[in-house]
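Under our numbering, the first residue of the sequence shown carries the number 76, and numbering increases by one thereafter.
Using N, Cα and C, we set each Cβ at its ideal position, and we do this for glycine too.
The structure appears below as structure tokens.
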Amino acid sequence: MLTTKIINKLKSVVSDKNVLLEVEERFVYSQDATNMQNVPCLADAVVFVENETQIQKILKLANENKIPVIARGAGTNLVGACIPLCGGIILNFSKMNKILEINPSNMTAKVQAGVVVGKLAEEASKYGLFYPPDPSNLKVSTIGGSIALNSGGAKTFKYGSTKDYVISLKIVTANGEIMNIGSNTAKNSTGYQMPQLFIGSEGTLGIIVEAVLKLIPKPESSKVMLAYFDSISKAACAVNKIIEEKLYPATLDIMDKTTLKTIDDFCPTGLKYNYEAALLIEVDGYECSLDWQQHKISSILQNLEVKDIVISNSQEEAEKIWTARRSAFGACAKLAPNVETGDIVVPREKIPQLVDEIREICNKNNLMVCILGHIGDGNIHPHIPLDLNNEDDVKNYEKAKDEIHKLALNLGGTLSGEHGIGCEKSKYMKFAEDSIALNYMKQIKNVFDPRNILNPKKIF
Ligand SMILES: Cc1cc2nc3c(=O)[nH]c(=O)nc-3n(C[C@H](O)[C@H](O)[C@H](O)COP(=O)(O)OP(=O)(O)OC[C@H]3O[C@@H](n4cnc5c(N)ncnc54)[C@H](O)[C@@H]3O)c2cc1C
């Protein structure tokens, strides 16, 4: 509970209208996109920040009084990363949503942390530039949230994830200082790569207020192919062959039969769900290179017993395929009241084994599963529709979740390819990370946040 004195101080920093205190308001902001049956703890206040000076003052106040502070972008993370496990202040970034500069000569964008990822991509595109990280909810998720989780997306195979595009950050530290890290230059070997430390830090080391992001030239054109196979292993084999032939598609995604059917039932786009798996392959680059790439890939696929290939012949057709792919989560939500998902990642060669064993685990635990993901990155999302009000479903899911994460580790993979750890996967950290490394991570946390006010009880 915050004292009246603290609440009045908060109001004097950001004005009355920017502090939410009603229980209903605090309830709403004490949840994120993660499935939680019960809200474990309510935030004490939700504060809409408008500039860095306000954030500095709030953090000074919070640090002096040992009040937890949880930064919140769009609250779309799936790992409980925004849930105020110890109460405290939610810092809402929705009013810090300005694109401050797009610099076509430097090919950089300077943005506030609350800028929506898709909005930046759209603005950059007006300059012929491209911001590739594209979480499938890019129309709502924010730059701050995606940096704090190192979000990826469907184009990570070719273009990398958020970590590859952050060149400098302005941070407000736990004690309210402003710290600028990195440099707005194409290259930088000046000491420790500090921005990398804050990427994936889930709001536990400092509050990101501004970022300078690298942009790249926008590919002139793109084409989408859907290739159907009668087994996951044949689809995986095709992916390896495409890579071995040194082709470099922007996207190499997979959807299994159940996913294809579920999506098509939800939004009919003509997906062929009589096959076991479909590869979604996007090639991009100069217009004149697209037919060549497409023919090369088609001939590889033909040699690997592809059952059918559908190729987009217009932007509209490509968009239709992408809409179907991006609808997967929503479509699964039609199957049961809730959907749980994960984002384990394994060396690519282990994908067929991973998929087979995830299915076995779900089957054994009486759970349905739609398997899809970024096969080019070895990153799989098992979407598990279930009813969290049903005790058996909950028990079965908890067991399956443990087994799936253990399986990924046994296959030489790790817990998260893009969603992060939050409080949902923190119990597995000791199995995934070297104990000495884990110990250093905790020491780093302690250096930046000795009073443990920044998003406590997350990651570890
Ligand atoms: C339907 C759906 C599809 C998704 N698809 C993808 C996908 O394809 N790829 C992918 O990687 N993820 C995906 N996600 C997961 C998630 O939405 C993304 O990781 C997203 O980028 C998080 O952004 P956000 O603004 O919602 O962050 P939030 O959920 O608000 O916050 C996430 C974390 O960042 C911290 N944070 C937020 N702002 C700041 C700040 N200014 N300073 C410091 N810390 C901060 C928070 O404290 C929290 O720890 C998906 C989620 C949903 C619901």
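Could you compute how far the alpha carbon of leucine 272 sits from the alpha carbon of isoleucine 242? Here residue 272 corresponds to residue number 197 of the sequence shown, with the count starting at 1. Here residue 242 corresponds to residue number 167 of the sequence shown, with the count starting at 1. Whole-angstrom Cα-Cα distance: 12 Å.
Terminal residues of the continuous beta strand (DSSP E) containing phenylalanine 123? As a working note, residue 123 is residue 48 in the sequence shown. Per DSSP, the continuous beta strand (DSSP E) segment holding phenylalanine 123 begins and ends at 120-123.
Please report the residue range of the beta strand (DSSP E) in which histidine 55 lies. The question about residue 55 has no answer, for the chain in this structure spans 76 to 535.
Does any CB atom of chain C fall closer than 7 Å to the CB of lysine 505? No chain C is part of this structure, which consists of one protein chain only.
Whole angstroms is fine: what's the gap from lysine 245's alpha carbon to glycine 227's? What you label residue 245 is simply residue 170 of the sequence shown in a count that begins at 1. What you label residue 227 is simply residue 152 of the sequence shown in a count that begins at 1. Each residue's CA atom was taken as its position, placing lysine 245 and glycine 227 some 22 Å apart.
How about isoleucine 43 and proline 159: do their beta carbons lie closer than 7 Å? Only positions 76 to 535 of the chain appear in the structure, and residue 43 is not among them; the question remains open.
Environment of phenylalanine 506 [buried if 16+ CB atoms lie within 10 Å]: As a first step, residue 506 is located in the sequence shown; it is residue number 431 there, counting from the start. The residue is exposed, with fewer than 16 neighbouring Cβ atoms inside 10 Å.
So does the segment 407-420 actually touch the segment 360-379, counting three or more Cβ pairs closer than 8 Å? Output reads no: the segment 360-379 does not touch the segment 407-420.
Can you tell which of Asp91, Ala249, Ala184 and Lys185 has its C-alpha closest to the C-alpha of proline 531? Locating residue 531 in the sequence shown gives position 456, counting from the first residue. Comparing Cα-Cα distances from proline 531 to each of Asp91, Ala249, Ala184 and Lys185, the minimum goes to Ala249.
Which residues share a DSSP beta bridge with arginine 147? One-based indexing of the sequence shown puts residue 147 at position 72. Answer is Asn167, bridged to arginine 147.
Grab me the residues of methionine 182's own chain with a C-beta within less than 7 Å of its C-beta, minus the 5 sequence neighbours each way, in chain order. On the sequence shown, residue 182 is found 107 positions in, with the first residue counted as 1. Leu204, Lys289, Leu290 and Ile291.
Using a Cβ-Cβ cutoff of less than 7 Å, which residues in the same chain neighbour alanine 108 once the five nearest sequence positions on both sides are dropped? As a working note, residue 108 is residue 33 in the sequence shown. These residues qualify, in order along the chain: Gly150, Thr151, Asn152 and Leu153.
Unbroken beta strand (DSSP E) run spanning histidine 449, endpoints: As a position in the sequence shown, residue 449 is number 374, starting the count at 1. DSSP places histidine 449 inside the beta strand (DSSP E), whose first and last residues are 445-449.
Serine 216: beta carbon under 6 Å from a heavy atom of ligand 1? Here residue 216 corresponds to residue number 141 of the sequence shown, with the count starting at 1. At least one heavy atom of ligand 1 is nearer than 6 Å to the Cβ of serine 216, so yes.
What residues are listed by DSSP as bridge partners for asparagine 178? Here residue 178 refers to the residue found at position 103 of the sequence shown. Partner(s): Thr183.
Decide if serine 491 is buried, meaning its Cβ has at least 16 other Cβ atoms within 10 Å, or exposed. Counting from one through the sequence shown, the residue named residue 491 turns up at place 416. For serine 491, the number of other beta carbons within 10 angstroms of its own is at least 16, and it is reported as buried.
Using the rule of at least 16 other Cβ atoms within 10 Å of the residue's Cβ for burial, across every protein chain shown, is lysine 92 buried or exposed? Within the sequence shown, numbered from 1, the residue matching residue 92 stands at position 17. It is exposed - the Cβ of lysine 92 has fewer than 16 other Cβ atoms within 10 Å.
Which residues mark the beginning and the end of the beta strand (DSSP E) in which alanine 352 is found? As a first step, residue 352 is located in the sequence shown; it is residue number 277 there, counting from the start. For alanine 352, the enclosing beta strand (DSSP E) covers residues 352-360.
Whose C-alpha, out of Ala137, Arg434 and Ile222, is nearest the C-alpha of aspartate 119? Here residue 119 corresponds to residue number 44 of the sequence shown, with the count starting at 1. Distance check between aspartate 119 and each of Ala137, Arg434 and Ile222 places Ala137 closest, using alpha-carbon atoms only.
Taking contact to mean 3 or more Cβ pairs, one atom from each stretch, closer than 8 Å, check whether the segment 514-527 and the segment 296-313 are in contact. Verdict: no, contact absent.
Excluding the 5 residues flanking serine 105 on each side, which residues of the same chain have their C-beta closer than 6 Å to its C-beta? Translated into positions along the sequence shown, residue 105 becomes position 30. Excluding residues within five positions, the ones whose Cβ falls inside 6 Å are Val114, Leu117, Ala118 and Pro159.
May I ask which residues mark the beginning and end of the beta strand (DSSP E) holding methionine 111? To locate residue 111, count along the sequence shown from 1; it is residue 36. From DSSP, methionine 111 is part of no beta strand (DSSP E); its letter is neither H nor E.
Quick one: what's threonine 265 bridged to in DSSP? Taking the sequence shown and counting its residues from 1, one reaches residue 265 at position 190. Answer is none; threonine 265 lacks a bridge partner.
Return yes when the Cβ of methionine 330 is within less than 7 Å of the Cβ of isoleucine 447, no when it is not. The sequence position of residue 447 within the sequence shown is 372, counting from 1. The sequence position of residue 330 within the sequence shown is 255, counting from 1. The sequence given here has leucine at residue 447, not isoleucine. Yes, the pair counts as a contact, with Cβ atoms nearer than the cut-off.
Applying the 10 Å Cβ sphere with the 16-neighbour rule, what's the burial state of aspartate 431? What you label residue 431 is simply residue 356 of the sequence shown in a count that begins at 1. Result: exposed.
Could you have a look at valine 284 and say whether DSSP puts it in helix, strand or coil? Translated into positions along the sequence shown, residue 284 becomes position 209. Secondary structure at valine 284: strand, using DSSP grouped into helix, strand and coil.
What's the gap between the Cα of proline 210 and the Cα of isoleucine 450? Numbered from its first residue, the sequence shown carries residue 210 at position 135. Numbered from its first residue, the sequence shown carries residue 450 at position 375. Their Cα atoms are separated by approximately 15 Å.
Under the rule that 16 or more other beta-carbon atoms within 10 Å means buried, what is lysine 80, buried or exposed? The residue given as residue 80 occupies position 5 in the sequence shown. By the 10 Å Cβ count, lysine 80 comes out exposed.
Roughly how far, in whole angstroms, is the beta-carbon of valine 122 from the beta-carbon of isoleucine 165, given that I think they are within contact range, below 8 Å? As a working mapping, residue 122 is identified with position 47 in the sequence shown. As a working mapping, residue 165 is identified with position 90 in the sequence shown. Between isoleucine 165 and valine 122 the Cβ distance is about 7 Å, and since that is below 8 Å, they are a contact.
Got a sec, what are the start and stop residues for the beta strand (DSSP E) methionine 300 sits in? Along the sequence shown, one-based indexing puts residue 300 at 225. Run containing methionine 300: 296-304, per the beta strand (DSSP E) assignment.
Can you give the beta carbon distance from isoleucine 356 to isoleucine 372, rounded, assuming they're within the 8 Å contact cut? Here residue 356 corresponds to residue number 281 of the sequence shown, with the count starting at 1. Here residue 372 corresponds to residue number 297 of the sequence shown, with the count starting at 1. Rounded, the Cβ-Cβ distance is 6 Å, consistent with contact.
Among Leu327, Ala313 and Leu95, nearest to valine 299 - alpha-carbon criterion: As a position in the sequence shown, residue 299 is number 224, starting the count at 1. For the options Leu327, Ala313 and Leu95, the alpha carbon positioned closest to that of valine 299 is the one of Leu327.
Leucine 224 Cβ short of 6 Å to ligand 1 heavy atom set: Mapped onto the sequence shown, residue 224 falls at position 149. Leucine 224 Cβ: within cutoff of ligand 1.
Buried or exposed for phenylalanine 102, going by 16 or more other Cβ atoms inside 10 Å? In the sequence shown, residue 102 corresponds to position 27, counting from 1. Label assigned to phenylalanine 102: exposed.
Between the segment 337-356 and the segment 465-477, are three or more C-beta pairs nearer than 8 Å? Taking 8 Å as the limit for Cβ pairs, the verdict is that the segment 465-477 does not touch the segment 337-356.
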